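The sequence shown runs 3 to 457 under the numbering used here. So the structure is just underneath, and the comments pick up after that.
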Amino acid sequence: MEAADDQQTRRRNQRGVKTASERAKVEDLFDYEGCKVGRGTNGSFGPKSSQEYALKQIEGTGISMSACREIALLRELKHPNVISLQRVFLSHTDRKVWLLFDYAEHDLWHIIKFHRSAKANKKQVNVPKNMVKSLLYQILDGIHYLHANWVLHRDLKPANILVMGEGPDRGRVKIADMGFARLFNSPLKPLADLDPVVVTFWYRAPELLLGARHYTKAIDIWAIGCIFAELLTSEPIFHCRQEDIKTSNPYHHDQLDRIFNVMGFPQEKDWEDIRKMPEHQQLMKDFKRSAYINCNLMKYMEKHKVKADSKAFQLLQKLLTMDPTKRITSEQAMRDPYFLEEPLPSVDVFDGMPIPYPKREFISDDDNEDKADTGASKVKQTAGGGNDQSSAHNQPPAKRVRVMAPTTTSSSSMVSGDYQLINALAELDGKEHVLHSFAVCLESMLHVANKEDIP
């Protein structure tokens, strides 16, 4: 029996898995500062070192397949415009998972809200044009990296586009929240069979709303187009009511109506495969082309003082092309003339100017119940170590911490066996939560520190 125990210990040591007594305790690394943060499922926290990090708690009991996919992907992703996963804490006692990320002080949700509020007060309205260009270029750069490595993000929206505040990465975009991300090079099932409804409604491509089963990276491009339009106007371009947002049916009449009111009803010559969409029959039953004959993107954008002959509008048209096969790619968009005219995009989207935006807001427990699904506390390291119109703009909460020595989680190969295994399990099983034994296997795979001692 003792020999078997010794052999098990040797195997654990070889895998880098620590015993409970060897694992770092969170209270030795962090001091909690108080209130909750964020909108949705992220948060933030804080050291006696100069760098801040964000702590995201995976909600629910057990480890969801979404969390497994996010962790497996993030440990391999390494790009200046993709959020970096620094550490994972896994608790066996309460079956909770905590992810430690770089902390970004700002996001596009709050930046756009700032300008929309200024508009209401008749002050300077829109996001500065130079800043819009820099933001868009970095978003495209990060998404091009994901797409080049066969990853679909599938949940792009302003709340998931973070921007670094003061520090070495000042003004750099970080694409966050990979919970819906999927590899699309060789899925075992059509992606729509795995997740019938993806992407927040306002940023959802028309092919998704029409029930496409084999969608492509073009869905991310459409979402980027929506974000681009929102940056140009300070208003969500395809805003509509979302009473049935939790529906499992991809078809959404009101969202399609909003798109057609801006873009016009798609002509078959412009989208030849629209007849092949699973919901095409329902579309033709519910809508009449003649009702949208005077609607087009140019008219909508000119109301917001974006001229049709501008390079910005011309790129927006390419991003918001109805036919996904004709929609521009991220690589093509980065070479668009819009980015070649002065002023050129800058690494610091604030272009060295003072940052006028408030930090991602911290809210109390009571406010958190109204404004976000969950929250997190601020913490500091000790010596030991919406959009107002819709909850669809919620972003994940995070706890704010600073750690003495951040760990690295990068890997040399993007499409790894670890991720493919998790992806296969998710596709074959399809269940939301996995067994506790799988959590132990996950800990072994990730070489994570136990979160058992997190208060």
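Backbone N, C-alpha and C fix where the C-beta goes; we use that ideal spot for every residue, glycine too. Since we're looking at a predicted model, the values are computed, not measured.
CA-to-CA distance, Thr-95 to Ser-236, given in whole angstroms: Working through the sequence shown from its first residue, we reach residue 236 at position 234. Working through the sequence shown from its first residue, we reach residue 95 at position 93. Rounded to the nearest angstrom, the two C-alpha atoms are 45 Å apart.
The beta strand (DSSP E) enclosing Phe-103, as first and last residue numbers: Looking up residue 103 in the sequence shown gives position 101. From DSSP, the beta strand (DSSP E) with Phe-103 extends over 99-104.
To which residues of the same chain is Lys-361 closer than 6 Å at the C-beta, ignoring the five residues directly before and after it? In the sequence shown, the residue the question calls residue 361 occupies position 359. Once the five neighbours on either side are set aside, the close Cβ partners of Lys-361 are Glu-107.
Integer-rounded CB distance, given that Tyr-359 should sit under 8 Å from Phe-116: As a first step, residue 116 is located in the sequence shown; it is residue number 114 there, counting from the start. As a first step, residue 359 is located in the sequence shown; it is residue number 357 there, counting from the start. So it is a contact: roughly 5 Å between Cβ atoms.
Since Gln-59 sits in a beta bridge, which residues does DSSP pair it with? For the purposes of this step, residue 59 is identified with residue 57 of the sequence shown, where counting begins at 1. Answer is Trp-100.
So for Val-264, helix, strand or coil by DSSP? In the sequence shown, the residue the question calls residue 264 occupies position 262. It is helical.
Given Asn-263 as reference, the closest of Lys-271, Ala-293 and Gln-284 once Cα atoms are compared: Here residue 263 is taken as the residue at index 261 of the sequence shown, counted from 1. Closest by alpha carbon: Ala-293.
With distances taken Cα to Cα, identify the nearest neighbour of Thr-323 among Glu-209, Ala-74 and Gly-169. Working through the sequence shown from its first residue, we reach residue 323 at position 321. Ranking the options by Cα distance to Thr-323, first place goes to Glu-209.
Checking the sheet assignment: what are the DSSP bridge partners for Phe-116? Taking the first residue of the sequence shown as position 1, residue 116 is located at position 114. According to DSSP, Phe-116 bridges with nothing at all.
Proximity to His-330 [Cα-Cα], best of Ile-145, Val-84 and Pro-82: For the purposes of this step, residue 330 is identified with residue 328 of the sequence shown, where counting begins at 1. A quick correction: the sequence has Ile, not His, at residue 330. That would be Ile-145, whose Cα lies nearest to the Cα of Ile-330.
Output the distance between the C-alpha atoms of Met-303 and Pro-170, rounded to the nearest integer angstrom. Translated into the one-based positions of the sequence shown, residue 303 becomes position 301. Translated into the one-based positions of the sequence shown, residue 170 becomes position 168. If you take the alpha carbons of Met-303 and Pro-170, they lie about 36 Å apart.
Please classify His-449: does DSSP put it in a helix, a strand, or coil? Translated into the one-based positions of the sequence shown, residue 449 becomes position 447. Any reading at His-449 needs caution, since the residue's pLDDT is 45, under 50, leaving its predicted position unreliable; the model's value is listed next. Three-state DSSP puts His-449 in coil, outside helix and strand.
Euclidean distance between Cα positions of Met-286 and Leu-87: Counting from one through the sequence shown, the residue named residue 286 turns up at place 284. Counting from one through the sequence shown, the residue named residue 87 turns up at place 85. When rounded, the distance between both Cα atoms is 45 Å.
Check each candidate in Ala-56, Lys-98, Val-165 and Ile-73 and name the one with the smallest Cα separation from Asp-109. In the sequence shown, residue 109 corresponds to position 107, counting from 1. Nearest option by C-alpha distance: Val-165.
Opening and closing residue of the alpha helix (DSSP H) in which Gln-334 lies: In the sequence shown, counting from the first residue as 1, residue 334 sits at position 332. That run of the alpha helix (DSSP H) goes 332-336.
Helix, strand or coil at Asp-256 according to DSSP, with G and I counted as helix: Start at 1 with the first residue of the sequence shown, and residue 256 comes out as number 254. Helix at Asp-256.
Name the residue from His-282, Met-265, Ile-114 and Gly-167 whose alpha carbon lies nearest to the alpha carbon of Pro-356. Counting from 1 along the sequence shown, the entry for residue 356 is found at position 354. Closest by alpha carbon: Gly-167.
Around the Cβ of Glu-270, are there at least 16 other Cβ atoms within 10 angstroms (buried) or fewer (exposed)? Within the sequence shown, numbered from 1, the residue matching residue 270 stands at position 268. Label assigned to Glu-270: exposed.
Reduced DSSP secondary structure (H/G/I, E/B, other) of Gln-319: Along the sequence shown, read from residue 1 onward, the residue named residue 319 stands at position 317. Gln-319 falls in the helix class under three-state DSSP.
Distance, Leu-234 Cα to Val-131 Cα: Against the sequence shown, residue 131 aligns to sequence position 129. Against the sequence shown, residue 234 aligns to sequence position 232. Here residue 131 turns out to be Lys, not Val, going by the sequence shown. Approximately 8 Å between the Cα atoms of the pair.
Status (buried if at least 16 other CB within 10 Å, exposed otherwise) for Ile-295: Within the sequence shown, numbered from 1, the residue matching residue 295 stands at position 293. Exposed, because fewer than 16 other Cβ atoms sit within 10 Å of the Cβ of Ile-295.
Ignore the nearest five residues each way along the sequence and tell me which others in Lys-1's own chain have a CB closer than 6 Å to its CB. With the chain covering 3 to 457 only, the question about residue 1 has no answer from this structure.
Residue interval of the beta strand (DSSP E) (run including Leu-87): Walking along the sequence shown from the start, residue 87 turns up at place 85. Here the beta strand (DSSP E) through Leu-87 covers 87-92.
Give a yes or no on whether the C-beta atoms belonging to Leu-75 and Ala-231 are separated by under 7 Å. The sequence position of residue 75 within the sequence shown is 73, counting from 1. The sequence position of residue 231 within the sequence shown is 229, counting from 1. No, the pair does not count as a contact, with Cβ atoms beyond the cut-off.
Same chain only: Cβ atoms within 6 Å of Gln-140, ignoring 5 sequence neighbours per side: Taking the first residue of the sequence shown as 1, we reach residue 140 at position 138. Only Asn-83 and Val-175 meet the Cβ criterion.
Buried or exposed for His-155, going by 16 or more other Cβ atoms inside 10 Å? Within the sequence shown, numbered from 1, the residue matching residue 155 stands at position 153. That one is buried.
For the candidate residues Ala-335, Asp-311, Pro-160 and Pro-252, whose alpha-carbon lies nearest to that of Pro-238? Taking the sequence shown and counting its residues from 1, the one referred to as residue 238 is at position 236. Measuring from the Cα of Pro-238, the nearest candidate turns out to be Pro-160.
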